[in-house]
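J.: Counted the way the numbering used here counts, the sequence shown spans residues 15 to 329.
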Amino acid sequence: MTDEVQPGPAAEPEDEDAPVPPGPGRLLARFFLVPLLVVGTAVGVFLVFNLLTFERRSPREYLQDVRGGGPNRRWQAAFELSRKIIGMPPGPERDALAADTLRIFQSLSPTRAEDVPVRRYLTLALGRLGEEAAVPALIEAAKDPDPETRLYAVWALGMLADPRSYDAVMEASHSEDPGMRKMAAYVLGKLDDPRAVPRLQVLLEDRVPDVRWNAAIALAQLGDPSGLTVLRSIVDREALARQAAISADQAEGAMVNALKAFALLRDRESLPLLEKVAREDPNLRVRAVARQAIEATRSAAPSSRLERSAPLLVA
């Protein structure tokens, strides 16, 4: 599953899961967030055509368009920038681009209509660039008037995993928006701060299934077994289907991430369930990860191969 974000028109640019209104925050409430279905897959034919006609350029050129282009070109350039930098190697060029991106982001108004979609994608870019100097601006953006910018800002804070962002992410976990709660649960796991455990335990009881799922996986990342019951309900296909109507790909992603959580917790009481999954699940990848989880559970330490091959929440 990719973390690539798909764009929308200037009036309402969307995230990966959302090609048309309603906006990403509302749409995300219906989907499972574990890697980043928060930032997935569908986009309308018009948007695809629009991107195909937007020429390929360097990150620096896209940033220049963000700074001086027309309203439609600016948000498209910001979107392309957020994608183009994914494979950009570390070094002085990347550092300079990150610093300039932050300066432009700080110059934009959160209340000016044409700046709003640009800020959304620059928020993603700052997270992907790993710009530590952006943490204060992203913390402020986590309270932005625009819900999508808030969502992307919390995601970006998770990418940076800076301890200074803990309070902002904790506040986001209390949001009325399920999409924000699931994102906050995801990021609390990435921040690796044990103070998050009590709040994540509360989120285990959330009315929205994928908030519970993300909370359980985040707790496993923090070494806390409180979410074992939830994790077991994820790797049991019948129990999973009763909780939410999700696609086959989403079910696979949910089960794989839950199995990786089992590998971290090494709960021997869960071995019979893991063995059943490894033996009977119809999905080859799920069976393979279940076998790795069994190996990790039976060993004195987690499987290094499992941990290297795929982190719990792919950002």
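All residues carry an ideal CB built from backbone N, CA and C; glycine is no exception.
1) Excluding the five sequence neighbours on either side, which residues of its own chain have a C-beta within less than 7 Å of the C-beta of R305, listed in chain order?
2) Would the beta-carbon of V225 fall within 8 Å of that of E266?
3) Could you please give the first and the last residue of the uninterrupted alpha helix (DSSP H) stretch that includes E94?
4) Does the pairing of the segment 188-196 with the segment 136-155 give three or more beta-carbon distances under 8 Å?
5) Is V222 closer than 8 Å to V168 when the C-beta atoms are compared?
6) Pull up the distance between the alpha-carbon of T125 and that of T163, whole angstroms please.
7) The alpha helix (DSSP H) that contains L111, what's its start and end?
8) Are there three or more Cβ pairs, one per stretch, closer than 8 Å when the segment 228-246 is compared with the segment 269-288?
9) Could you tell me if K157 is buried or exposed, where buried requires 16 or more neighbouring beta carbons within 10 angstroms of its beta carbon?
10) Would you tell me roughly how many angstroms separate the C-alpha atoms of A139 and V270, rounded to the nearest one?
11) Assuming the contact rule is C-beta atoms closer than 8 Å, R209 and Y180 should be a hit. Round their C-beta distance to whole Å, please.
12) Is it buried or exposed for P106, if we count other Cβ within 10 angstroms and need 16 for buried?
13) Applying the 10 Å Cβ sphere with the 16-neighbour rule, what's the burial state of G237?
14) L116 to A110, Cα distance in whole Å?
15) Output yes or no for whether 8 Å exceeds the beta carbon distance between L174 and D114.
16) Take the Cβ of I308 as the centre, count every other Cβ of all protein chains shown within 10 Å, and call the residue buried at 16 or more, exposed below.
17) If you measure from the beta carbon of P212 to each beta carbon in chain C, is any gap under 8 Å?
18) Rank L285, D207, E185, H188 by C-alpha distance to the C-alpha of P177 and give the top, closest one.
19) Quick check: L233 and V211, are their CB atoms within less than 8 Å of each other?
20) Pull up the distance between the alpha-carbon of L285 and that of L279, whole angstroms please.
21) Which word fits R88, buried or exposed, when buried means at least 16 other C-beta atoms lie within 10 angstroms of its C-beta?
22) Could you tell me if I100 is buried or exposed, where buried requires 16 or more neighbouring beta carbons within 10 angstroms of its beta carbon?
23) I need the straight-line Cα distance from A253 to A259, nearest angstrom please.
24) If we ignore side chains and look at the alpha-carbon of each, how far apart do D129 and D160 end up?
T.: Judging by the given coordinates:
1) Taking the sequence shown and counting its residues from 1, the one referred to as residue 305 is at position 291. Within the same chain, R305 has close Cβ partners A292.
2) Taking the first residue of the sequence shown as 1, we reach residue 225 at position 211. Taking the first residue of the sequence shown as 1, we reach residue 266 at position 252. No.
3) Here the question's residue 94 lines up with position 80 in the sequence shown. For E94, the uninterrupted alpha helix (DSSP H) segment begins and ends at 85-98.
4) No: the two stretches stay apart, fewer than three of their Cβ pairs being nearer than 8 Å.
5) Within the sequence shown, the letter at position 154 stands for residue 168. Within the sequence shown, the letter at position 208 stands for residue 222. Cβ atoms of V168 and V222: not closer than 8 Å.
6) Working through the sequence shown from its first residue, we reach residue 125 at position 111. Working through the sequence shown from its first residue, we reach residue 163 at position 149. Rounded to whole angstroms, T125 to T163 spans 12 Å at the Cα level.
7) Here residue 111 refers to the residue found at position 97 of the sequence shown. Start and end: 106-121.
8) The segment 228-246 is in contact with the segment 269-288.
9) By 1-based counting over the sequence shown, the position of residue 157 is 143. A residue is called buried when at least 16 other Cβ atoms come within 10 angstroms of its Cβ; K157 does not meet this threshold and is exposed.
10) To locate residue 139, count along the sequence shown from 1; it is residue 125. To locate residue 270, count along the sequence shown from 1; it is residue 256. So the alpha carbons of these two residues sit roughly 27 Å apart.
11) As a working mapping, residue 209 is identified with position 195 in the sequence shown. As a working mapping, residue 180 is identified with position 166 in the sequence shown. R209 to Y180, Cβ: 7 Å. Contact.
12) Here residue 106 is taken as the residue at index 92 of the sequence shown, counted from 1. With fewer than 16 other Cβ atoms within 10 Å, it is exposed.
13) Start at 1 with the first residue of the sequence shown, and residue 237 comes out as number 223. It counts as exposed.
14) On the sequence shown, position 102 is the one that residue 116 refers to. On the sequence shown, position 96 is the one that residue 110 refers to. Roughly 10 Å separates the two Cα atoms.
15) Here the question's residue 174 lines up with position 160 in the sequence shown. Here the question's residue 114 lines up with position 100 in the sequence shown. In this structure, L174 lies away from D114, with their beta-carbon atoms at least 8 Å apart.
16) Position 294 of the sequence shown, counting from 1, holds the residue named residue 308. With 16 or more Cβ atoms within 10 Å of its Cβ, I308 is classed as buried.
17) Going by chain labels, chain C is absent from the structure shown, which holds only one protein chain.
18) Locating residue 177 in the sequence shown gives position 163, where the first residue counts as 1. Minimum Cα distance to P177 is reached at D207.
19) For this step, residue 233 is matched to residue 219 along the sequence shown. For this step, residue 211 is matched to residue 197 along the sequence shown. The answer is yes: Cβ separation under 8 Å.
20) Taking the first residue of the sequence shown as position 1, residue 285 is located at position 271. Taking the first residue of the sequence shown as position 1, residue 279 is located at position 265. Using only the alpha carbons, I get a separation of about 12 Å.
21) Here residue 88 is taken as the residue at index 74 of the sequence shown, counted from 1. A residue is called buried once 16 or more other Cβ atoms fall within 10 Å of its Cβ, and R88 is buried on that count.
22) In the sequence shown, residue 100 corresponds to position 86, counting from 1. I100 is exposed by the Cβ-count criterion.
23) Here residue 253 refers to the residue found at position 239 of the sequence shown. Here residue 259 refers to the residue found at position 245 of the sequence shown. So the alpha carbons of these two residues sit roughly 11 Å apart.
24) Here residue 129 refers to the residue found at position 115 of the sequence shown. Here residue 160 refers to the residue found at position 146 of the sequence shown. Pairing D129 with D160, the inter-Cα distance amounts to about 11 Å.
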